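Have a look at the structure below, then the notes.
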Amino acid sequence: MGEQLPALQVVVPLIGALLVALVRRPTAAWLVTVVVSLAMPVISALLLVRVLNQGVISYHLGGWDPTIGIEYRVDIVNALILLLVSAVAAVIAPFARLSVLSEIAEGRIGWFYAMYLVSLAGLLGIAITGDAFNAFVFLEISSLSSYVLIAMGRDRRALVAAYQYLIMGTIGASFYVIGVGLLYIMTGTLNLNLIAERIVAVESFRPVLAALAFITVGISLKLALFPLHVWLPNAYAYAPSVVTTFLAATATKVAIYLFARFVFSVFGAGFVFADLPVTPILVALSVAAIFGAGTVAVFQSDVKRMFAYSSVGQVGYITLGLALATTTGVTGGLVHLLNHAMIKATIFMGLGAVFFRVGRIEFQDIAGIGRRMPITMGAVAIAGLSLIGVPGTAGFVSKWYLVVASLEVGWWWLAFLIVLSTMITVVYVGRLIEWAWFREPSRQVATVEEAPIEMLAPICLLAAATIYFGIDTYLTAGLAERAANALLSGLR
Amino acid sequence: MTSGTLIALALIIPTAVAVLLPLFAGRPNVREAVTLIGTVLLFAVVLSLLASVLAGERPSLAVWTVVPGLSIAFAIEPLGMLFATIASGLWIANSVYSIGYMRAEQAPRQTLFYVCFAIAIASTMGIALAGNLFTLFLFYELLTISTYPLVTHRGTEEARNAGRLYLLMLLGASTILLLPAIAWTGIAAGTLDFGVGGILGGRVSDATLGILLALYVFGTAKAAVMPLHSWLPAAMVAPTPVSALLHAVAVVKAGVFTILKVIVYVFGVDTLAKAGTGDWLLYVAGITVIVASVMALRQDNLKRRLAYSTISQLSYVVLGAALFTPLAILGAALHIAAHAVSKITLFFAAGSVHVGAHVDDVSEMNGVGRRMPWTMGAFAVGSLSMIGVPPTVGFLGKWFMLLAAVGIGQWFAVGVIVISTLLNAGYFLPIVYRAFRRTGDGRPGVAEAPWPVVVPLVATAILTIVLFVWPTIPYDLADMLAGTSAAPVASDAATGGRQ
Amino acid sequence: MSDLIALAGDVVAHYNQWITVFLMVSGLYIVIARGNMVKKLVGLSLFQTSVYLLYISAGKILSGTAPIIDPHFTVYSHPLPHVLILTAIVVGIATMAVGLALVVRINEAYGTIEEDEIFKRDDDR
Amino acid sequence: MRLDVILRVVTKVILPFMLVFAIYVQFHGDYGPGGGFQAGVIAGATIILYALIYGLAPARRLVPAALVEAMIPLGVLIYAGVGVVGWLTGGNYLDYSHLAHDPVHGQEWGVFLVEAGVFVTVSATMVAIFYAFAGRGRR
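Written as structure tokens, this is what we have:
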């Protein structure tokens, strides 16, 4: 059975989604979702252990040879991403029941869970596949289901947000597939590994450069790299709480993985970063994202929207680390990818719990909420501190790597910008803490109670994780460093 | 019990108090009992550590390596021991005082107050006992964050603004300046562990030493060296116990402690003295001392006047450190202790006046001393100590710094100390005079504050005098510190500083 | 002169790619320039179609037949691009369905499908 | 319901042929252009044509929405199930070689079943999309 793990990782949520679509009773649908979601981290943890023990796992779908068939290929990089996505899914599933019951019309709950599982299967598929076109299909599977999920959001603005995301996402995916097509024309294969082998001979040809450009822009749309991020804030802000949490923690992260996979493993770090001026461009965009999106976040009146903008900024840190293309830098980027997923999942789940109790999520409406829901908001505050990068939390570890990485390449100004940008985070996290604790409770808030235990438990678990991974970094920084080395060494 | 266990306990006890308190939120008496038991236990633990340090031991405890190069480790040296002893000892007095003050004030959200307080003390212990720069930084930030809710505690517009300034200035300086300084140190020296004689000697150029020193000094905004001082007067909106223990002892002392420790154990006194690129610090500190004193003269609000006085006194310590001689380091360390007991007395008295006479401004204090003799008597003792008049402990630190300054012919420092002493007298003595010599306007309701408020302030006032007569413990610790920074030891820094 | 003719020949010989580029750019233009949400989707569809052409024309071999093994033929077109594009078409249809469904819902919620008017109505609230 | 007699009659006549053609395309997929996608669309089109001519309500009586909504996941389930059978018979996921006594027949069977699943899902999806849009605004 161990050999079948890669297929199980994708097939189980897919079959789960089909079962949910057949049954569609809210409770049954939720139960299936929980069972599937809890099975996911088990599978990905087993995969990770196998990768650590035996090296790269190659799985031939349908028994076809990789030259013509689809290959699932798991190395330490995507094993880590798989574990991240499935762990987040497992934590969200128990939380989802009450949140979904309160936010989604009853007739749609079944479809909601079906779409949720399809989206999960799609994201896991992107991460696990070793085939460029298969990645496109999974990309669209996850995107299409997330458009639907976002459209189920709290008011009509969710529809417009989903529509905008659909337009941008489809353009991004089409750009990606154009790039893949050009690569296919030049190399005659769609297998990422084989492309990487054959591209060396043709990398000076113009279609390869065009392919790099198309793929980079296409994926950048999906990962919301500044200035291609405009779809993200509204989509996150108006989507149902569960969806926001899930997408914020996983969707952009998987897109970043795909980006890293293409840039480092397929095109090769030497080609992209040494021969082409990608580093300065990407660093400039990342810094612009960090400062631009961070500043916009400060002025939001909607808490979810504020943290959505913050996500755009935080993606900047990840791409910044990748752009440096050194071991420390890529490690920093990957660590921040993992940490930011945890942090944002905690924050959006906490806000989901607040929304569940209060029914609104603007600053004025949740004034004083920290006094009524101390545990929920305490967890959000801890995650916020981690977002700032206070030492002892996960966020510090990633920021430390990034600062050291920029000092190592002699870019002290970049280190300075990184620490300076932290102040923006302090401002908007501080603003939430101030509203939550140091204002008199508003009328809506005065009567609410602490969130129910089945919501609190996942929130507290993740908040504890953001502290735990600030102290014990084997699973994050330790593995991320190995992953960074694997990425930088090119072919897997 | 091994010394490692004791170090762990010194952190665990206040943390445990913080964890237990919310469980007794509904029962104030139990809650306060938990706090008091915690304070006494902590002090006992610190005292037993003190005994082993005085016996010449240097206990240490390696906890965990976060990422290669960043580890959480504790190692006790004399300066840290001195700081830990002061902070934990005064926590007892301050807890008694808090109970009286907060109940008299009928303050809201007392549980949150005590929880944050306990976390702040735990962080202070972490700073004092830290064995490397990362551990120090970790607890330094934790201290900032745990005291932010205390500053904003009242929840008024003014308190929120003060909280914002507090958070932005302290967190901002430490992340923008201190963190890069630490990263730079780590890359240059290959280690972040504190080493006797410094770890940077011979590793970086003189100019770099000067830049790094600036990053450290201004990154440690808690030391309130100008121009990063304005958070401290603003933080006075906090309840008085917070101002007393945290903004006269724990937080601000954590700042100067960090600067002193970095100068002694990261740069090395000798290295800096030879490099000559750190001399600017003397002038910055000197100017801060004088300017803050002048500003204190102009404050009418008693707590704000005390805050400016604190800024000035903190820079005394920095000034002492910036002389880069062992004798001045001794004086600086002693002044940390002296200022702690004296200033907490003054703040206690200010709070007592607030509770007993409902007066916050100096101009309204006429005759208060006659109605509140214990309070204002203690205030007088504290004032004398701040000015540096024997028989109070404030004299000792100034004396040694003055000796050191004269010894190396640093007449600027001598001038600063003399002028500021006059200024100190200028802003403290009128208060005492008003309180005792002028007659009040006979307002009713002015009476001595409740006993939990009065007893601690009298106790710290007595301590101010006792430490002058019997300064053995702080003196020995300061002497040990000065000994480690003396020239002969520095020669083996090249080997001693590495791991 | 002969260079020019060769160049013109090159341009004409890659006519399939010119069509691809034309469709792609015009589709993208419609998506960006039109405020009507349905028209945007039409543009998006055009844009996707250009991608189909890119793949299919790359798989075609002149005078090759369908890839079914038969003793009379030796030259076959590459079947894989067709398979891929079949998948891509399905993805395109699904996108279109979701997109149009969203437009219908938006029309019900706002009473218009012009983007600028929708933004104006949201700002008014 | 207007009296467009010609359309109604012609539709009645043409519907069975459309369905047969769909089945032809489905099974001819092994030897020529065709397969589940195309067949599914043609089959879906017959229902849509019926609904266009005779109205939505009769079409819904003929092919209930609940059935359509069940068929969509069911078809994919057939597809995924065939893949799982590949597992159980000792191959990788979607490996049809072990479905029959020799690999070539196994592949044939596998593709046949998968195409059947595709047919179910595609035809149902077409009808479902039509129902969803056509039913809008009439409730």
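Residue numbers (the numbering used here), protein chains in the order written: chain A, 2 to 493; chain B, 183 to 681; chain C, -3 to 121; chain D, -2 to 136. Glycine included, every Cβ here is placed at the ideal spot set by N, Cα and C. Owing to the predicted nature of the structure, the values given are computational and were not obtained by experimental measurement.
Contacts of residue i in chain D (Cβ-Cβ under 9 Å)
i	result
A/TYR114	What A/TYR114 touches in chain D: nothing, since even the nearest Cβ is about 12 Å away.
Bridge-paired residues (DSSP) for residue i
i	result
A/ARG74	A/SER59
B/VAL249	B/LEU252
C/TYR72	C/THR61
C/GLU110	C/ASN32
B/GLN242	Here residue 242 of chain B turns out to be Ser, not Gln, going by the sequence shown. In the DSSP output, where bridge partners are listed per residue, B/SER242 has B/ALA257.
B/ASP375	B/ASN314
B/ASN483	B/ASP543
C/ASN103	The partner list for C/ASN103 (beta bridge, DSSP) is empty, contrary to what the question assumes.
A/ASN192	A/ASP132
Residue i (DSSP reduced to helix, strand or coil)
i	result
D/ASP1	coil
B/SER602	helix
A/ASN495	This structure leaves residue 495 of chain A out entirely; chain A is present only between 2 and 493.
A/ALA106	coil
A/ASN235	helix
A/THR130	strand
A/GLU141	helix
D/GLU112	helix
A/GLU363	strand
B/SER673	Residue confidence is low: B/SER673 scores 38 on pLDDT, short of 50, so the model does not pin down where it sits. No coordinate-derived value is stated.
A/ASP473	coil
B/GLY678	Note that B/GLY678 scores a pLDDT of 36, beneath 50, so its modelled location is shaky; the value from the coordinates is reported in the next line. Helix at B/GLY678.
A/ASP303	strand
Local Cβ density within 10 Å of residue i, reported as buried at 16 or more and exposed below that
i	result
B/THR338	exposed
A/VAL288	buried
A/ASN486	exposed
A/ALA197	buried
D/VAL124	buried
D/TYR28	exposed
D/TYR128	buried
A/THR448	exposed
Nearest-angstrom beta carbon gap, residue j and residue i [assumed within contact, 8 Å]
i	j	result
B/LEU352	B/LYS404	6 Å
B/GLY468	B/PHE650	At roughly 26 Å, the Cβ-Cβ gap does not stay under 8 Å, so B/GLY468 and B/PHE650 are not in contact.
A/ALA90	A/VAL52	Contact doesn't hold; Cβ gap of about 20 Å is too wide.
B/VAL563	B/VAL550	So it is not a contact: roughly 16 Å between Cβ atoms.
B/ILE258	B/LEU223	The pair is not a contact, with the Cβ atoms about 18 Å apart (cut-off 8 Å).
B/VAL227	B/LEU252	In fact, because the Cβ distance is near 27 Å, the residues do not count as touching under 8 Å.
A/TYR114	A/VAL21	5 Å
B/GLY392	B/THR459	3 Å
Amino acids of chain A, ordered along the chain, whose beta-carbon sits closer than 8 Å to that of residue i
i	result
D/ILE69	ALA22
C/ASP6	None at all; the shortest Cβ gap to chain A is about 14 Å.
B/PRO409	Within chain A, no residue comes near B/PRO409; the closest Cβ sits about 17 Å away, beyond 8 Å.
Per-residue contacts from residue i into chain C (C-beta, under 8 Å)
i	result
D/PHE130	LEU96, ALA97, VAL100
A/ALA163	LEU98
Interface partners of residue i on chain A, CB under 9 Å
i	result
B/PRO331	ILE434, TRP438, PHE439
Contacts that residue i makes with chain B (C-beta to C-beta distance below 7 Å)
i	result
A/VAL284	Result: empty, since nearest Cβ-Cβ is about 18 Å, beyond 7 Å.
Contacts of residue i in chain A (Cβ-Cβ under 7 Å)
i	result
B/LEU353	VAL427
Under 7 Å by beta carbon: chain D residues contacting residue i
i	result
C/LEU76	Per Cβ cutoff of 7 Å: no residues; C/LEU76 is ~15 Å from chain D at best.
Contacts that residue i makes with chain C (C-beta to C-beta distance below 9 Å)
i	result
A/GLY182	VAL47, LEU50, TYR51, ALA54, PRO77, LEU80
A/ALA152	VAL94, ALA97, LEU98, ARG101
Under 8 Å from the C-beta of residue i: neighbouring residues of chain B
i	result
A/MET307	The contacting residues do not exist; A/MET307 stays about 17 Å from chain B at best.
Proximal chain C residues relative to residue i, where beta-carbon distance stays under 7 Å
i	result
D/ARG133	VAL100
Chain G contacts made by the region 33 to 61 of chain A, where a contact means CB separation under 9 Å
Looking at the structure shown, chain G is missing, and the protein chains on hand are A, B, C and D.
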